[in-house]
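Engineer: Protein chains in written order, with the working numbering: chain G, 1 to 121; chain E, 1001 to 1121.
This is the structure I want to talk about, given as structure tokens.
Number of protein chains: 2
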Amino acid sequence: MEAADRAIMEKDFDTLMSFYTEDALLVIEPGRNAIGKCQIKNAFIKISEYFDQGLKVKQDGLEVLKNGNTALVLAHTVVSAPNFPAVKRSATYVFKKSEGNIWLCAIDNSYGHEVIRKPLI
Amino acid sequence: MEAADRAIMEKDFDTLMSFYTEDALLVIEPGRNAIGKCQIKNAFIKISEYFDQGLKVKQDGLEVLKNGNTALVLAHTVVSAPNFPAVKRSATYVFKKSEGNIWLCAIDNSYGHEVIRKPLI
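Structure follows, in structure tokens:
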């Protein structure tokens, strides 16, 4: 996770893509997803531009629930940028163990429960 | 999800187990997990006893993020019982598509981000 966060901050999108499965899903914002490395890379380039190239990502507490070759990762993620006050998100990720025993991100949802369309009553 | 919630409320634990993978992980409470159908069934029997056989579970808003044979489900889950005031949890589940195209629960974490040991600063 730290290496991925560093790649985001260094705008090293090729390294960043090496942490994703070929068909990974990234939640760009609730209701809008990027599917596959090509779309995800383009999304990160646009996200980086949106944040004036100064996006900072930090995991502030993290837990992994593993089941065979699948892992659910829950994290408190802090996102900030020079033009954007720090926001804490309850991020949820699904990782899969690929050949060579490397864990890759299959579902990247930094918004956590914010993706639920129906509001909590 | 509704069929599983109904099975919990009707204490039909054999039907309930049919919604889980063989090696599924259930978070009993943060820091304590049941692994596999046998442990999960025993955990549900004890949970049911704890709630005076009157446990009620309701999903109040739900979103599915699918990637191939894996799905991340985020739900606002309301848990209540005659001896227990209603609690809203931000539940996170991972489902896997098994042979026969049936989706089974592989990771059942009704506590969501409460499983993170380090508190959010």
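All C-beta atoms in this analysis are idealised placements derived from N, C-alpha and C, irrespective of residue type, glycine included.
The structure presented is a predicted model; accordingly, all values stated were derived computationally and were not measured.
What would DSSP say about Asn42 (chain G), mapped onto helix, strand or coil?
Structural biologist: The residue labelled residue 42 (chain G) in the question sits at position 42 within the first sequence. Of the three classes helix, strand and coil, the one that applies to Asn42 (chain G) here is helix, per DSSP.
Engineer: Among G:Thr92, G:Glu99, G:Gly100, G:Ser98, which has the Cα closest to the Cα of Ile107 (chain G)?
Structural biologist: Along the first sequence, read from residue 1 onward, the residue named residue 107 (chain G) stands at position 107. Residue G:Thr92 is the option with its Cα nearest to Ile107 (chain G).
Engineer: Out of E:Glu1029, E:Leu1072, E:Ala1081, E:Ile1102, which has the shortest C-alpha to C-alpha gap to Ile1207 (chain E)?
Structural biologist: This structure does not reach residue 1207 (chain E), given that chain E is present from 1001 up to 1121, and the question cannot be answered.
Engineer: Under 8 Å between the Cβ atoms of Leu74 (chain G) and Gly1031 (chain E)?
Structural biologist: Indexing the first sequence from 1 puts residue 74 (chain G) at position 74. Indexing the second sequence from 1 puts residue 1031 (chain E) at position 31. Taking 8 Å as the Cβ cut-off, Leu74 (chain G) and Gly1031 (chain E) do not qualify as a contacting pair.
Engineer: Using alpha carbons as the reference points, say which of E:Ser1098, E:Asn1067, E:Lys1088 lies closest to Tyr20 (chain G).
Structural biologist: To locate residue 20 (chain G), count along the first sequence from 1; it is residue 20. Checking every option, the nearest Cα to that of Tyr20 (chain G) belongs to E:Asn1067.
Engineer: Report yes or no: is there a C-beta of chain G within less than 8 Å of the C-beta of Thr1015 (chain E)?
Structural biologist: In the second sequence, the residue the question calls residue 1015 (chain E) occupies position 15. Not closer than 8 Å to any Cβ of chain G, the Cβ of Thr1015 (chain E) fails to qualify, so no.
Engineer: Beta carbons nearer than 7 Å to chain E: which residues of the region 71-82 of chain G have them?
Structural biologist: Correct list: Leu72, Leu74, His76.
Engineer: Tell me whether the beta-carbon of Asp1060 (chain E) lies closer than 8 Å to the beta-carbon of Val1078 (chain E).
Structural biologist: For the purposes of this step, residue 1060 (chain E) is identified with residue 60 of the second sequence, where counting begins at 1. For the purposes of this step, residue 1078 (chain E) is identified with residue 78 of the second sequence, where counting begins at 1. Going by C-beta atoms, Asp1060 (chain E) is nearer than 8 Å to Val1078 (chain E).
Engineer: Please check if any C-beta of chain E sits within less than 8 Å of the C-beta of Gly61 (chain G).
Structural biologist: Numbered from 1 along the first sequence, position 61 holds the residue referred to as residue 61 (chain G). Output row for Gly61 (chain G): interface = yes.
Engineer: Going by Cα to Cα distance, which pick from E:Glu1022, E:Ile1040, E:Ser1090 is closest to Lys1058 (chain E)?
Structural biologist: For the purposes of this step, residue 1058 (chain E) is identified with residue 58 of the second sequence, where counting begins at 1. Considering only alpha carbons, the answer is E:Ser1090.
Engineer: Per DSSP, Val1064 (chain E) is paired with what?
Structural biologist: Against the second sequence, residue 1064 (chain E) aligns to sequence position 64. DSSP lists E:Val1073 as partners of Val1064 (chain E).
Engineer: I need the boundaries of the beta strand (DSSP E) containing Leu16 (chain G), first residue and last residue.
Structural biologist: By 1-based counting over the first sequence, the position of residue 16 (chain G) is 16. That residue, Leu16 (chain G), is in no beta strand (DSSP E); its alpha helix (DSSP H) goes 13-17.
Engineer: Answer with yes or no whether the minimum CB distance from Arg117 (chain G) to chain E is below 8 Å.
Structural biologist: On the first sequence, position 117 is the one that residue 117 (chain G) refers to. Yes, Arg117 (chain G) counts as interfacial toward chain E.
Engineer: Anything in chain E within Cβ reach of Asn67 (chain G), meaning under 9 Å, just list it in chain order.
Structural biologist: What you label residue 67 (chain G) is simply residue 67 of the first sequence in a count that begins at 1. Chain E residues near Asn67 (chain G): Thr1021, Asp1023, Ala1024, Leu1025, Ile1035, Val1094, Lys1096, Ala1106, Ile1107.
Engineer: Taking only three categories from DSSP, how would you classify Tyr1020 (chain E)?
Structural biologist: Position 20 of the second sequence, counting from 1, holds the residue named residue 1020 (chain E). Tyr1020 (chain E) falls in the strand class under three-state DSSP.
Engineer: Indicate whether at least one CB of chain E lies closer than 8 Å to the CB of Ser48 (chain G).
Structural biologist: Here residue 48 (chain G) corresponds to residue number 48 of the first sequence, with the count starting at 1. No, because no Cβ of chain E sits closer than 8 Å to the Cβ of Ser48 (chain G).
Engineer: Hey, quick one: how far does the beta strand (DSSP E) through Arg1032 (chain E) stretch, first residue to last?
Structural biologist: The sequence position of residue 1032 (chain E) within the second sequence is 32, counting from 1. Where Arg1032 (chain E) is concerned, the enclosing beta strand (DSSP E) stretches over 1032-1035.
Engineer: Report the neighbours of Ser1090 (chain E) on chain G: residues whose CB is nearer than 8 Å to its CB, in chain order.
Structural biologist: Residue numbering aside, residue 1090 (chain E) sits at position 90 when the second sequence is read from its first letter. Within chain G, the residues near Ser1090 (chain E) are Ser90, Gly112, His113.
Engineer: Cα separation between Glu1022 (chain E) and Pro85 (chain G)?
Structural biologist: In the second sequence, residue 1022 (chain E) corresponds to position 22, counting from 1. In the first sequence, residue 85 (chain G) corresponds to position 85, counting from 1. In a straight line, the C-alpha of Glu1022 (chain E) is about 45 Å away from that of Pro85 (chain G).
Engineer: Would you list, in sequence order, the uninterrupted beta strand (DSSP E) runs of no fewer than 3 residues that lie entirely inside the region 1084-1110 of chain E?
Structural biologist: DSSP runs (the beta strand (DSSP E)) wholly in the region 1084-1110 of chain E: 1084-1097, 1103-1109.
Engineer: Quick one: using the 10 Å Cβ neighbour count with 16 as the cut-off for buried, is Cys105 (chain G) buried or exposed?
Structural biologist: Numbered from 1 along the first sequence, position 105 holds the residue referred to as residue 105 (chain G). Buried is the call here.
Engineer: Do Leu65 (chain G) and Asn1109 (chain E) have their C-beta atoms closer together than 8 Å?
Structural biologist: Looking up residue 65 (chain G) in the first sequence gives position 65. Looking up residue 1109 (chain E) in the second sequence gives position 109. Yes; because the gap between Cβ atoms is below 8 Å, this pair is in contact.
Engineer: Do you know offhand how far Ser98 (chain G)'s Cα is from Gln1053 (chain E)'s?
Structural biologist: By 1-based counting over the first sequence, the position of residue 98 (chain G) is 98. By 1-based counting over the second sequence, the position of residue 1053 (chain E) is 53. In a straight line, the C-alpha of Ser98 (chain G) is about 42 Å away from that of Gln1053 (chain E).
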